[in-house]
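Here's the structure we're looking at; comments come further down.
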Amino acid sequence: MARRFHAPYLSEPVSSLASWARNLAVFSVVAVLVSILVLRFDFLEMKPALMTFFGALGCAVLSILVGLAAFAAIWRNGSRGMSRILLALVIDAVVLAYPAYLAVQYRKLPKIYDITTDPIDPPRFEALAPLRNGDGTNTAVYAGLYSAEQQQKAYPDIEPVQLEIPPDRAYAIALRLVNRRKWFIVDERAPQPPRKVGRIEAIARTPIMGFREDVSIRVQPDGEDSRIDIRSASRYFDSDIGSNAARINKLIDDLNNAGEADAQKPVKKVVPPPPAAKGQKTVKK
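Using the numbering used here, the letters of the sequence shown map in sequence onto residues 300 to 584.
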């Protein structure tokens, strides 16, 4: 009976629009993955890779429209292809979900790309400065007063890190945390007298697309304690969509936790050897 019931439906042709919706959805996935690999491994320049990525998103949107048209056609003439339409819509939702979230964040967050714990005297990009002089890159010079005001409104909790340990120990903690994050270190200078200011310059990358964001960390004495300032700036685009602030906040938390743990360590006292008794001769073997 089941075979007789389904036989008329199975004899209907598959909607070509449903097939096109599925094929466009699959193509969009492939194009998105290719563009991400191209960006992360530097196979092409930034602009062609981004054009591929946005073209893939356009294919996903087109797949949704074709899928809706296929649904209307199936409803009208009874052809097959609903499974292909549903598959296409699921794939399109996966492809467009994260870009849609980023679009919302772009409208919600201030359009700034340079975040620092010290807007008055931010850590400088010295070794990284030549890498920020290319076509379409943001300058190594701090973004200025407007960026500082927008940062204060959006991220008021970003402040310098105060650690109750000497600068050399604070620098060692900062360097260890940078290495743990697998950031690419371009320059590292431990605190040296007489100024005793340490610097770390490194390149971080965004989790999915792998966009480069430059980080500069400054460790300096604050009396007998230490002060650490951090600056993180996107190399491209006029808005970081909150990535630099999130990076600095996480690093601040880790520095505070590691600094507190280091400050609680007991200081090892060096016990001098007992003086030799008078009249006692040392026998060389």
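We put the beta carbon where it would ideally sit given N, CA and C, even for glycine.
Remember, predicted model here, so these are calculated numbers, not experimental data.
Under the assumption that residue i contacts residue j (Cβ atoms under 8 Å), give the Cβ distance between them as a whole number of angstroms.
i	j	result
ILE540	LEU408	6 Å
THR438	ILE547	Actually they are not in contact, since the Cβ atoms of THR438 and ILE547 sit about 20 Å apart, beyond 8 Å.
GLN461	ARG526	6 Å
VAL514	SER531	5 Å
SER314	GLY366	Contact flag wrong, Cβ pair sits at about 10 Å.
ARG511	ARG504	6 Å
VAL518	GLY497	4 Å
PHE483	ALA501	6 Å
SER378	PRO312	6 Å
Which residues does DSSP pair with residue i in a beta bridge?
i	result
ALA501	ILE484, VAL514
VAL313	ARG379
ASP413	ALA532
ASP521	ASP524
Please classify residue i: does DSSP put it in a helix, a strand, or coil?
i	result
ARG526	strand
LYS584	Low local confidence applies: a pLDDT of 44 at LYS584 is under 50, so the model's placement there is unreliable, and no value is given.
GLN563	coil
VAL460	strand
GLY433	coil
ASP467	helix
LYS452	helix
ARG546	helix
GLY509	coil
PHE424	coil
VAL496	coil
ASP552	helix
Anyone know if the C-beta pair for residue i and residue j falls short of 9 Å?
i	j	result
ILE464	ASP561	yes
ALA317	ALA369	yes
LEU338	LEU349	yes
ALA320	ALA387	yes
GLY435	TYR535	yes
ALA330	GLY354	yes
PRO418	TYR454	no
PRO459	PRO490	no
ARG475	ALA557	yes
Is there at least one non-hydrogen atom of the ligand HEM closer than 8 Å to the beta-carbon of residue i?
i	result
LEU316	The ligand HEM is not part of the structure shown, which contains no ligands of any sort.
Within 9 Å of any Cβ in chain B, is that where the Cβ of residue i sits?
i	result
GLY357	No chain B appears in this structure, which consists of one protein chain only.
Give, in chain order, every unbroken run of the alpha helix (DSSP H) that is at least 4 residues long and sits entirely within the stretch 339 to 408. 345 to 376, 381 to 407
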